[in-house]
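What follows is one structure encoded as structure tokens, with my remarks underneath.
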Amino acid sequence: GRWTLVIHGGAGVIERDRLTAQQDADIRAALSHALETGSAVLRDGGSSLDAVEAAIRELEDDPHFNAGRGAVFTYDGAIEHDASIMDGSTRAAGAITGTSHTRHPVTLARRVMENSPHVFLRGLGADQFSVEQGLEQVENSWFETEERRRQLDEMLAREAEGLSAYDVDLKYG
Amino acid sequence: TVGAVAVDLEGNVAAATSTGGLTGKRWGRIGDSPVIGAGTYADNRGCAVSATGAGEYFIRVGVAHEICAQIRFRFQQRLEEAQASVPLDSEGIPEYYVHASEFGLEASDIQEIADGVIGEMESLGGSGGVIVATPWGTGTYSFNTPGMYRGMASSEAGANVAIY
Chain A
5 GRWTLVIHGG AGVIERDRLT AQQDADIRAA LSHALETGSA VLRDGGSSLD AVEAAIRELE
65 DDPHFNAGRG AVFTYDGAIE HDASIMDGST RAAGAITGTS HTRHPVTLAR RVMENSPHVF
125 LRGLGADQFS VEQGLEQVEN SWFETEERRR QLDEMLAREA EGLSAYDVDL KYG
Chain B
21 TVGAVAVDLE GNVAAATSTG GLTGKRWGRI GDSPVIGAGT YADNRGCAVS ATGAGEYFIR
81 VGVAHEICAQ IRFRFQQRLE EAQASVPLDS EGIPEYYVHA SEFGLEASDI QEIADGVIGE
141 MESLGGSGGV IVATPWGTGT YSFNTPGMYR GMASSEAGAN VAIY
């Protein structure tokens, strides 16, 4: 048998030459660590499902990436997460959108897949399901970073100049 | 957005994606990341896919499922050309992951399919990319925008991290 793990992580920059050396090193280190975490699961004979969840949980905790802690702000200045997961052996799937307090949204998606009869939960209902599942809850402010706040402020300023939020956001990956 | 796809020693694939979405999103906007078939999909008969980019375009193309389906159909086509069938394991489950490369489905086929679907998405005006893992161990990327970090590790090729 062979195992393989592939990951991606948008870090909020559009080109390499806009990165500082320190940013580049930090982002690569975070990805390498997540890659190793998932690889260890596979190397030890664990499932692909456990590997992808483990890798993503690390990236969700890292403020460099637009997920979990470090996620971008909504127009109203809050943070709302989306996540999904799918098992290729059964085509079971779980997804959540617009959650605000679950520390690891990918784990909530997996709980939807494994512990509910549904595939896709949203907003307050998904938050409620998360609590009922006993998943770790945090204040919404825990996810905030200064850089993402700056990006929202910039977007709002540019929107006032006539650019749409969509036009401005693309550079944030 | 972050994502991961994997195949384990049993040949089972899985995919997951997690994101905060779009800066300044309003009106309950939802992108492709939580949409099964658009930003995330996994099927042992084809592959596992996780996407990142302009979500509205990934939803319209159904990028993740489209890549998976094209791989599945191409494999089936190769089997028919060889007048062969996929052997079943002891539980009666087709052993796709063992026999795909045997019938000529190579890494170049997977790359061609992924690039084709990303190209179609781009032709509508979208940008972004995907990561792909197949049941027989192929891992690949296809991106059309810079600034995308990615990493890959496997039992055969070690680990590496890069930026597109």
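Protein chains in written order, with my numbering: chain A, 5 to 177; chain B, 21 to 184. Built from N, CA and C at the ideal position, the CB exists for glycine as well.
Proximity below 8 Å, CB of residue i to CB of residue j
i, j, result
"A/His68", "B/Ile151", "no"
"B/Met168", "B/Thr72", "yes"
"A/Gln137", "A/Arg115", "yes"
"B/Val33", "B/Cys67", "yes"
"A/Gly72", "A/Arg95", "no"
"A/Val10", "B/Ala153", "yes"
"B/Ala74", "B/Gly146", "yes"
"B/Val7", "A/Ser36", "Only positions 21 to 184 of chain B appear in this structure, which leaves residue 7 of chain B out of reach."
"B/Phe95", "B/Met141", "no"
"B/Tyr184", "B/Pro155", "no"
"A/Met159", "B/Thr39", "no"
"B/Ala17", "A/Leu39", "Because chain B here runs from 21 to 184, residue 17 of chain B falls outside it and cannot be looked at."
"B/Ala26", "A/Leu46", "yes"
"A/Ala130", "B/Asp28", "no"
"A/Trp7", "B/Ser174", "yes"
"A/Phe3", "A/Ala99", "There is no way to answer for residue 3 of chain A, as the model of chain A reaches only from 5 to 177."
"A/Thr101", "B/Ile50", "yes"
"A/Ala75", "A/Arg152", "yes"
"B/Gly41", "A/Glu84", "yes"
Listed by chain order, chain B residues near residue i by CB distance under 7 Å
i, result
"A/Asn70", "Thr21, Thr39, Gly40"
"A/Asp2", "The structure shown does not extend to residue 2 of chain A, since chain A is modelled only from 5 to 177, so the question has no answer here."
"A/Met159", "Thr43, Gly44"
"A/Pro109", "Ser38"
"A/Ser52", "Ala26, Val27, Asp28, Asn32, Val33, Ala34"
"A/Leu139", "Result: empty, since nearest Cβ-Cβ is about 14 Å, beyond 7 Å."
"A/Glu3", "Outside the modelled stretch of chain A, which goes from 5 to 177, sits residue 3 of chain A, for which no answer is possible."
Neighbour list for residue i in chain A, Cβ cutoff strictly below 8 Å
i, result
"B/Leu29", "Gly5, Arg6, Trp7, Leu46, Gly49"
"B/Ala179", "Ser36, Leu39, Glu40, Ser43"
"B/Tyr161", "Val10, His12"
"B/Tyr169", "His12, Gly13, Gly14, Ala15, Ile31, Arg32, Leu35"
"B/Pro54", "Asp86, Ala87, Ser88, Ala99, Ile100, Thr101, Ala113, Phe124"
"B/Ile151", "Val10, Ile11, His12"
Residue burial classification, residue i (beta-carbon count within 10 angstroms, cutoff 16)
i, result
"B/Gln90", "buried"
"A/Val135", "exposed"
"A/Ala33", "exposed"
"A/Glu128", "According to the sequence as given, residue 128 of chain A is Leu; it is not Glu. Exposed, because fewer than 16 other Cβ atoms sit within 10 Å of the Cβ of A/Leu128."
"A/Tyr176", "For A/Tyr176, the pLDDT reaches just 48, beneath the cut-off of 50, and the residue's location in the model is therefore unreliable, although a value from the coordinates is still provided. It is buried - the Cβ of A/Tyr176 has at least 16 other Cβ atoms within 10 Å."
"A/Thr66", "The identity of residue 66 of chain A in the sequence shown is Asp, whereas the question assumes Thr. Looking at its Cβ environment, which holds 16 or more other Cβ atoms inside 10 Å, A/Asp66 is buried."
"B/Ala24", "buried"
"A/Ala93", "Going by the sequence as given, residue 93 of chain A is Ser instead of Ala. It counts as buried."
"A/Gln132", "exposed"
"B/Ser105", "exposed"
"A/His122", "exposed"
"A/Asn70", "buried"
"B/Asp109", "exposed"
"A/Ala59", "buried"
"A/Gly2", "Given that chain A is displayed from residue 5 to residue 177, the structure contains no residue 2 of chain A and the question cannot be resolved."
"A/Gly166", "exposed"
"B/Ala177", "exposed"
Beta-carbon neighbours of residue i, restricted to chain B and to distances below 8 Å
i, result
"A/Glu64", "Val22, Ser38"
"A/Arg95", "Ala62, Asp63"
"A/Gln155", "Thr43"
"A/Ser102", "One detail in the question is off: residue 102 of chain A reads as Gly in this sequence, not Ser. The contacting residues are Gly48, Ile50."
Cross-chain neighbours of residue i in chain A, by beta carbon under 7 Å
i, result
"B/Glu176", "Arg6"
"B/Ile91", "Here the premise fails: no neighbours, minimum Cβ distance about 12 Å."
"B/Ala104", "The premise fails here: B/Ala104 is roughly 22 Å from chain A at the closest Cβ pair, so nothing lies under 7 Å."
"B/Ser70", "His12"
Contacts that residue i makes with chain B (C-beta to C-beta distance below 9 Å)
i, result
"A/Asp131", "Residues of chain B passing the Cβ test: none, with the nearest at roughly 14 Å."
"A/Val76", "Thr39, Gly40, Gly41, Leu42, Thr43, Gly44, Lys45"
Under 9 Å by beta carbon: chain A residues contacting residue i
i, result
"B/Met172", "Thr8, Leu9, Val10, Ile11, Leu39"
Do the region 89–97 of chain A and the region 55–73 of chain B meet, that is, are 3 or more Cβ pairs less than 8 Å apart? Of all C-beta pairs linking the region 89–97 of chain A to the region 55–73 of chain B, three or more are shorter than 8 Å, placing the two stretches in contact.
TODO: Within the region 29–85 of chain B, note down every full alpha helix (DSSP H) run reaching 4 residues or more, in order along the chain.
DONE: Counting only runs of at least 4 residues, the region 29–85 of chain B fully encloses the following alpha helix (DSSP H) elements, listed from N- to C-terminal order: 75–81.
With a threshold of 8 Å, are at least 3 pairs of Cβ atoms found where one atom belongs to the region 76–91 of chain B and the other to the region 130–137 of chain B?
Contact holds: three or more Cβ-Cβ distances are below 8 Å.
What runs of the alpha helix (DSSP H), each 4 residues or longer, lie entirely inside the region 127–181 of chain B?
Within the region 127–181 of chain B, the complete alpha helix (DSSP H) runs of at least 4 residues fall at 127–143.
**Message:** At 4 residues or longer, what runs of the alpha helix (DSSP H) sit wholly inside the region 87–140 of chain A?
**Reply:** Listed in chain order, the complete alpha helix (DSSP H) runs (minimum 4 residues) inside the region 87–140 of chain A are 109–119, 127–136.
Going along the chain, which unbroken runs of the beta strand (DSSP E) with 3 or more residues stay wholly within the region 6–82 of chain A? If one requires a minimum length of 3 residues, the beta strand (DSSP E) runs lying completely within the region 6–82 of chain A are 8–14, in chain order.
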